[in-house]
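Residue numbers (the numbering used here): 32 to 302.
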Amino acid sequence: MTTLDSLPPLRESLADHGLLANKSFGQHFLLDLNVTRKIARLAGPLEGETVIEVGPGPGGLTRALVEAGARVIAVEKDSRFLPLLGELAQAADGRLTIVEGDALKVDEAQLAGGPGHVVSNLPYNVGTPLLIKWLTGPWKPKSMTLMFQKEVADRIAAPAGAGAYGRLGVVSQALARAKVVMDLPARAFTPPPKVASAVVRLDPLETPPSAPEIAALERVTAAAFGQRRKMLRSSLRSLGGVALCEKAGIDPNARAETVPVDGFLRLARAL
């Protein structure tokens with residue numbers, strides 16, 4: 032019987048199957064099991080927990096998640112990896128389910144059969160849309176531990192006043208506690224991307240804003256950060272400008288980058 036310990040190294044498995052990263056899918060493989068095990072620990076404890084992983088590729092992070100005791104549902108769009116992942120599933124003692132599909136279209140509630148976590152080295156080209164889906168969609172993850180390009184990770188977790196602070200950070204932090212928990216240089220990946228990466232841990236808030244409040248927040252932040260060098264009296268003119276700011280208790284002469292998340296929530300509620 033195949034066990035996790037008896038599986039060949041990932042590089043060997045990739046070579047055996049003749050697999051290379053597909054640029055059109057934004058693929059960069061994380062083959063160092065010491066790194067993937069650290070990511071699993073940052074996401075944990077996962078013993079007995081359901082985890083959705085997007086874009087497992089050759090399964091480096093998948094191995095670490097199964098080792099950590101999770102029940103893993105791996106969603107892979109690239110059918111080339113299914114045989115390799117199937118070998119991993121045979122060694123996973125029934126705790127790995129492989130789903131071929133597009134993560135932007137799958138129904139996570141149906142896949143997980145209830146609550147669960149998301150842990151993924153996200154494909155670069157769909158990372159932000161997937162995060163917004165999990166933050167604002169009907170299925171609410173218990174936690175998310177996600178790898179992005181470092182620039183995107185910094186935007187998600189940036190505080191007001193920081194250069195990286197913008198729409199993505201406001202919406203993310205309105206719905207979850209967000210923290211960069213690990214930085215990874217390009218050389219950690221095969222093939223190395225042109226940019227560094229980072230892992231963000233997001234824990235959804237116990238009492239998040241309502242769906243209408245989030246819809247209003249997206250309108251306010253689009254207007255405010257669409258003209259981020261202008262004062263709010265100008266950038267929010269189409270939504271009420273000075274009157275909206277005064278109703279929310281926000282200085283209309285402030286610029287978007289200086290307004291904290293709770294300030295934008297006040298503007299959204301005033302709208």
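Each residue gets a CB set at the ideal place from its N, CA and C atoms; glycine is no exception.
Neighbour-count burial assignment, residue i, 16 or more Cβ in a 10 Å radius
i, result
"G91", "buried"
"Q141", "exposed"
"R102", "buried"
"R94", "buried"
"S308", "For residue 308 there is no data in the structure shown, the boundaries of the chain being 32 and 302."
"R198", "buried"
"T221", "buried"
"A242", "exposed"
"L267", "buried"
"E182", "exposed"
"L298", "buried"
"L35", "exposed"
"G200", "buried"
"P87", "buried"
"D185", "buried"
"G194", "exposed"
Residue i in three-state terms, based on DSSP
i, result
"S28", "Absent from the model: residue 28. The displayed extent of the chain is 32 to 302, so no value can be given."
"D282", "coil"
"V212", "strand"
"A227", "coil"
"T221", "strand"
"R268", "helix"
"P240", "coil"
"R297", "helix"
"L115", "helix"
"R250", "helix"
"L263", "helix"
"L233", "strand"
"V273", "helix"
"V292", "helix"
"L302", "coil"
"L35", "helix"
Cβ shell of residue i (< 8 Å), same chain only, five flanking positions each side left out
i, result
"S174", "A74, H148, V149, R232, L233, D234 and P235"
"L303", "The requested residue 303 does not occur in the structure, where the chain is confined to residues 32 to 302."
"A217", "P223, P224, K225, V226, A227 and S228"
"L9", "Here the chain comprises residues numbered 32 to 302, so residue 9 is not present and cannot be evaluated."
"T289", "A191 and G192"
"A279", "G294, R297, L298, R300 and A301"
"I163", "V202"
Spatially closest choice to residue i from the options, by CA coordinates
i, options, result
"E131", "E139, Q121 and K108", "K108"
"E237", "L302, Q204, P87 and P216", "Q204"
"A301", "I83, A143, E244 and A191", "E244"
"V82", "E182, D185 and A71", "A71"
"N156", "E249, A188, H59 and A195", "H59"
"Y196", "T34, E80, R260 and G272", "R260"
"P160", "G145, G194 and K136", "K136"
"V106", "D282, A120, D36 and V85", "V85"
"V292", "K278, L275, Q258 and V251", "V251"
"A247", "G294, G88 and S265", "G294"
"G119", "V212, L38, L275 and G280", "The sequence shown places Leu at residue 119, rather than the Gly named in the question. That would be L38, whose Cα lies nearest to the Cα of L119."
"V66", "T128, D133, V212 and A134", "V212"
Close beta carbons around residue i, own chain, < 6 Å, minus the five adjacent residues each side
i, result
"L177", "S151, L153 and V231"
"A285", "L263"
"A123", "V97"
"R126", "V97 and R102"
"R208", "D234"
"T128", "I104"
Chain-order list of residues whose beta-carbon lies under 7 Å from that of residue i (same chain, five-residue window excluded)
i, result
"K171", "P235"
"G100", "L77, E78 and G79"
"A253", "R198"
"D138", "none"
request  = Output the residue ranges of the beta strand (DSSP E) runs that lie fully inside the stretch 121–209 and measure 3 residues or longer, sorted by chain position.
outcome  = Correct list: 127–131, 148–152 and 175–180.
request  = Taking only runs that begin and end inside the stretch 60–105, name each unbroken beta strand (DSSP E) of 3 or more residues, in chain order.
outcome  = Listed in chain order, the beta strand (DSSP E) runs fully inside the stretch 60–105 are 81–85, counting runs of at least 3 residues.
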